[in-house]
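Down below is the structure, laid out as structure tokens.
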Amino acid sequence: MRRLNVLRALAVTAGIALAATGCGVTGSADAAKPSSNSSASGPLTGLRIMVPNTPGGGYDTTARTAAKVMGDTKTATNVEVFNLAGAGGTVGLARLVNEKGNKDLAMLMGLGVVGASYTNKSEAKLTGTTPLARLIQEPGAIMVGKDSPYKTIDDLVKAWKEDPSKIAVGGGSSPGGPDHLLPMQLAKAVGIDPKKVNFVSFDGGGDLLPAILGNKVGFAASGAGEYIAQIKSGEVRVLATSGESRLEGVDAPTLKESKIDLVFTNWRGIVAPPGVSDADRDRIVDTLTKMHGSEEWKAALKTRGWTDAFITGDEFKTFLTDQDKRVADVLKELGLA
Amino acid sequence: MDTFNLLLGGFATALTPMNLLFACLGVLLGTAVGVLPGIGPAMAVALLLPLTYNLEPTSALIMFAGIYYGGMYGGSTTSILLNTPGESSTVITAIEGHKMAKAGRAAQALATAAIGSFVAGTIGTALLAAFAPFVVKFAVSLGPSSYLAIMILGLLAVTAVLGASKLRGFASLGLGLAIGLIGMDPVSGQQRLTFGIPLLTDGLDIVVVAVAIFAVGEALWIAAHLRRNKMSTIPVGQPWMGKQDWKRSWKPWLRGTALGFPFGAMPAGGAEVPTFLSYSIEKKLTKHKEEFGHGAIEGVAGPEAANNASAAGTLTPLLALGLPTNATAAVMLAALVQFGIQPGPLLFQNEPVLVWGLIASLFIGNALLLLINLPMAPLWAKLLRIPRPYLYAGILFFATLGAYAVNMQSFDLIILLVLGALGFAMRRFGLPVLPLIIGLILGPRLEGQLRKALQLSAGDINGLWNEPVGVVVYALVALILAWPLLALAWRRFGPRKPLPAEAPAAAGTPEASEADRIAAGHS
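For the record, the sequence lines run as chains A and B.
Read in order, the letters of the first sequence correspond to residues 0 to 336 in numbering that gives the first Met the number 0.
Read in order, the letters of the second sequence correspond to residues 0 to 522 in numbering that gives the first Met the number 0.
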């Protein structure tokens, strides 16, 4: 009798464990099967989107939202999202580049992966992939706490130029990430040697926010999205944003308006492995274009606070090459690439 | 009394059959992911997130909170039974908990962990409900220099686990610190000890290292001695906590709670440091010093309460400020955004139904967890009746699964085996394993806070003690360090009275017992 109890307990736990891992790791079992989408008609099926980051992060949310919209609008069926985290995305990038010609694989990525491919001295580079589409972007923001002595971007730049080492610059990413690249490019644009910038790396927005609120950093450079609540309540002051145009809902000039020649956006897009045929590439691009046109995607952009930045094909390719070069230049100057 | 009424309203929300069901589902799932090393609550919530698009936000969050609390509970089970910590915050539980299990007191260890978690979770949630805005204001005011001081205090806890030979203890600590160095330097972006392997850039996952050193090392050690020793099963004693167990547990529960909650609320506090502190405090205060290292119930009760109280603490800045202080909280924040709810300072005013429903469901989830886990304790304990070869084969299986599940990288399995061999070698040469784990957890944080503090003050050394909290903690550290000398002086020059001056000398017991156990050959 006793034995039976133990067995039952074991069976129950094993069941729970399997359920947990089952729904957790593989998503839907069907999606993992390689599928034939050689027939050009009907919706795309069996696409696997790799997220080179941990579940719950920005890339992950973007990929899962896109996959869901594709499924809901029936532009594609059985889209599976999986995570392959490591080394700021370069582990995933290396895998993608190795899967030459695989038409069922794509990777969600962004500016952070470009930087990481240099700081981590990865052999795989984004220029070696097949660009599909850029999906969204977010301008950076130069932020200070409400008690900060800097009221305008000019105040800040003046003080910063006087002694760059005295002003600690906080960012929510490690060296090579977007929050690191923004202040470095800003320094360059206003004539400060990027090497003299005192950049303090914080572990994401949750770590950086208290430092802004408590005036522990001179200023912070990061996407405004994570701090919207604090910006609206006036606890965080935005001195400038780094996009082409002003950010909706944020009362701050762009850097360009403030006579600083810099446009910097953090973006996310999708790339495919190298060696994918033009026909296969166009098929995925078509699907993404259809997804982008749907009401569901527009609604998702709105709830997430993402800015649409959809470009595809060659236009995205040119953009990617340009970004790659810009990042490489900055990081080389800093001795990081 | 306004808070009280809001909380009652919250219970009305949380007690609807549907929400109750989601709370149940959450705690069950949470317990399962907690039991499995490698799959943590953060990953579980992130992966479930897309499935909850069509749910009521309140229901989804209630489920997520259940997963979070459940994960904190579940992690202790494998620590105690199999010496395989499921989460980094239950590493400490394994020391005394597994010893208790080996002595046939697994059920008591599991019970004190479950009840302690319940007590801590409930008190923590009550503190969250009552003082959220106040606590958060304080917690957010802390900067790197305060954290540095707190981490140094945490490092003092290592002295409690150094073992009989200080040299071996420090050697182990040094190993841990060295392993902690692996990865990208957070300040300059340079690679350290990565040998050109990109998979090492992020450093080694604490869970993988802990599982390798504890579980794989232990399994190898047992296997190496199987021929010399009779194969015997571990005794399973009486199923429930006795009167003495209760008497020895309740104070550690409360002290653990008092330690854990503030650490959870601090943006860089974490759940591990309070468990270290709780363990060393219990060791100092206990009346059963001789039992520490052989399975002292206080050493399970305190740290388990601490890690659950920290879970409640973590939700405080999340709800009051929209500030996530760990991975699970960050994913829950993403969930809020997904439902179009703007987390932030105004959440309590704008979404009272959601917030108070969530808080009420935490109370309910805690009670559910106790109901599920307490009757399970004797059942779990019977697992140990499995003959050793099979039991350790099972442990190896779960250790491998867990290590793989962290990142889905086969590379982690190599790490697991290499460090497992290290764990075996450490047992062979009598090195205590705990200083290694503590060094690994605290080393990178100490370094990070130290460098951050110095960077923020532009290299001015005064930046290390420019916050009152930091200064107070340093004073505490100095006092603890000077205490043995003071006590000695008092004994020699003061009035003749017996004083507990032996405290530091007794600090070596836990691993001494490790050596004893090895000598005794696991009879």
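C-beta atoms are modelled at their ideal positions from N, C-alpha and C, and glycine is treated no differently.
The structure presented is a predicted model; accordingly, all values stated were derived computationally and were not measured.
- For leucine 107 of chain A, the three-state secondary structure derived from DSSP is strand.
- Taking CB atoms only, proline 185 of chain B has a neighbour in chain A less than 8 Å away.
- For glycine 393 of chain B, the closest of B:Ala22, B:Thr77 and B:Phe275 by C-alpha to C-alpha distance is B:Thr77.
- For arginine 236 of chain A, the enclosing beta strand (DSSP E) covers residues 235–240.
- Annotation for phenylalanine 201 of chain A: no beta strand (DSSP E) segment contains it, and DSSP assigns it neither H nor E.
- At a beta-carbon threshold of 9 Å, none of the residues of chain A lie near asparagine 461 of chain B; the nearest stands roughly 14 Å away.
- The CB of proline 302 of chain B never comes closer than 8 Å to any CB in chain A; the least such distance is about 24 Å.
- Nearest Cα to glutamate 256 of chain A within the set A:Thr240, A:Leu110 and A:Ile227: A:Thr240.
- Contact between serine 200 of chain A and serine 221 of chain A is ruled out by a C-beta separation of about 11 Å, above the 8 Å threshold.
- Closest option to leucine 14 of chain B, judged by alpha-carbon separation, among B:Ala366, B:Trp239, B:Met407 and B:Gln408: B:Ala366.
- When Cβ-Cβ separations below 8 Å define contact, serine 58 of chain B makes no contact with chain A.
- Considered as a whole, the region 259–315 of chain A harbours 264–271 and 306–311 as its complete beta strand (DSSP E) runs of no fewer than 3 residues, in chain order.
- Chain-order list of chain B residues neighbouring serine 173 of chain A: Met183, Pro185 and Gly188, by C-beta distance under 8 Å.
- Contact with chain B is found for alanine 84 of chain A, since one of that chain's Cβ atoms lies less than 8 Å from the residue's Cβ.
- Scanning its chain for C-beta atoms nearer than 6 Å, with the 5 sequence neighbours on each side dropped, one finds around phenylalanine 423 of chain B the residues Gly216, Leu219 and Trp220, in chain order.
- For serine 75 of chain B, not one C-beta of chain A is nearer than 8 Å to its own C-beta.
- The three-state secondary structure of leucine 161 of chain B, taken from DSSP, is coil.
- Residue contact check for alanine 167 of chain A against chain B: a CB pair falls below 8 Å.
- The C-alpha of isoleucine 479 of chain B is placed about 19 Å away from the C-alpha of arginine 491 of chain B.
- Sequence-distant Cβ neighbours of proline 273 of chain B in its own chain, meaning closer than 6 Å and more than five residues away, are Leu258, Gly259, Phe262, Ala305 and Ser309.
- Your pair valine 26 of chain B and leucine 378 of chain B does not check out as a contact, with CB atoms roughly 17 Å apart and the cut at 8 Å.
- By DSSP's assignment, serine 221 of chain A forms a beta bridge with A:Ala140.
- With a cut-off of 8 Å on Cβ pairs, the region 261–274 of chain A is in contact with the region 105–112 of chain A, counting three or more such pairs.
- Bounds of the beta strand (DSSP E) holding alanine 167 of chain A are 167–170.
- Ranking B:Trp252, B:Ala31, B:Met331 and B:Gly182 by CA distance to the CA of proline 49 of chain B puts B:Met331 first.
- Look at lysine 165 of chain B: its C-beta is not under 8 Å from any C-beta on chain A.
- The continuous beta strand (DSSP E) containing isoleucine 48 of chain A extends over residues 47–50.
- In the three-state DSSP reduction, valine 80 of chain A falls in the strand class (E or B).
- Secondary structure of leucine 319 of chain A (DSSP, three-state): helix.
- Secondary structure of isoleucine 135 of chain A (DSSP, three-state): strand.
- Here glycine 153 of chain B is buried, its C-beta having at least 16 other C-beta atoms within 10 Å.
- Put simply, of B:Gly69, B:Thr200 and B:Phe194 the residue whose alpha carbon is nearest the alpha carbon of proline 185 of chain B is B:Thr200.
- What valine 139 of chain B touches in chain A, judged by beta-carbon distance under 9 Å, is Leu208, Pro209, Leu212 and Gly213, going in chain order.
- Glutamine 337 of chain B sits buried, since 16 or more C-beta atoms from the chains shown fall within 10 Å of its C-beta.
- Residue-level contact check: arginine 63 of chain A touches chain B, since one or more beta carbons of chain B fall below 8 Å from its beta carbon.
- Within the region 119–146 of chain B, contact with chain A at the beta-carbon level (separation under 7 Å) is assigned to Val139, Ser140 and Gly142.
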